[in-house]
Structure formats: C-alpha cells, structure tokens
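Trainee: Below is the structure I would like to discuss, written out as structure tokens.
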Amino acid sequence: MMMNRKGESGAVPFRSGRFFNIDSDWYFACREGQNNGPFLNREDAATALKSYLTEYSSTKGKTIFSISPTTGH
4 MMMNRKGESG
14 AVPFRSGRFF
24 NIDSDWYFAC
34 REGQNNGPFL
44 NREDAATALK
54 SYLTEYSSTK
64 GKTIFSISPT
74 TGH
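For the numbering used here, count along the sequence shown from 1 and bump the result up by 3.
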C-alpha cells in the first residue's frame with residue numbers, strides 16, 4: 004500500500020522509480036518528462052542522475068534530495 008509522504012495529504016499519486024532498462028540499456032527519468040540514457044548499467048545511470056540533479060539545482064538555486072542507485076528513490 005502506498006502512503007503519503009511527510010507533509011502530504013489527500014489521494015496518493017502514482018509513483019515509480021527513476022531508473023528503468025530497455026534491453027540491456029539503462030535510463031533515468033526526470034520530472035520534465037525526458038528520459039536520459041542509454042547507460043551501460045544502473046550505477047552509470049545513477050552517477051549521471053546525480054550530475055544532472057547537481058546541475059539542475061545550481062540553475063534553480065535549491066538543493067535536490069539525494070538518490071540511491073539501489074532503490075531509485
């Protein structure tokens with residue numbers, strides 16, 4: 004059962020992990036609707052996502068939470 008995150012109320016929206024694979028290629032998804040990849044493995048996708056979030060946060064002036072390459076959350 005999915006639960007609301009801290010500070011949320013109401014219906015729980017659909018959530019999925021950021022990482023996915025097609026054939027043997029790995030990708031990560033962004034809220035902006037773009038899929039980034041392909042990468043050779045999930046760890047490479049996680050490293051690229053971390054770089055993406057660092058760049059994104061520097062242009063938006065806010066800190067982005069960390070992503071675990073194991074869980075995708």
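Glycine residues also receive a C-beta, built at the ideal position from the N, C-alpha and C atoms.
Note that the structure is a prediction, hence the values are computed from the model and not measured.
Hey, would you say phenylalanine 22 sits closer than 7 Å to alanine 48, going by beta carbons?
Mentor: yes
Trainee: For histidine 76, which residues from the same chain have a beta carbon less than 6 Å from its beta carbon, with the 5 sequence-adjacent residues on both sides left out?
Mentor: Legend: pLDDT at histidine 76 = 49, less than 50; position of this residue unreliable, value from coordinates given subsequently. Closer than 6 Å at Cβ, skipping near neighbours: no residue.
Trainee: Going straight from the alpha carbon of glutamate 46 to that of phenylalanine 31, what length do you get?
Mentor: 11 Å
Trainee: Going by Cα to Cα distance, which pick from Ala14, Asn39 and Trp29 is closest to tyrosine 55?
Mentor: Asn39
Trainee: Valine 15 and asparagine 24 - do their beta-carbons sit closer together than 7 Å?
Mentor: no
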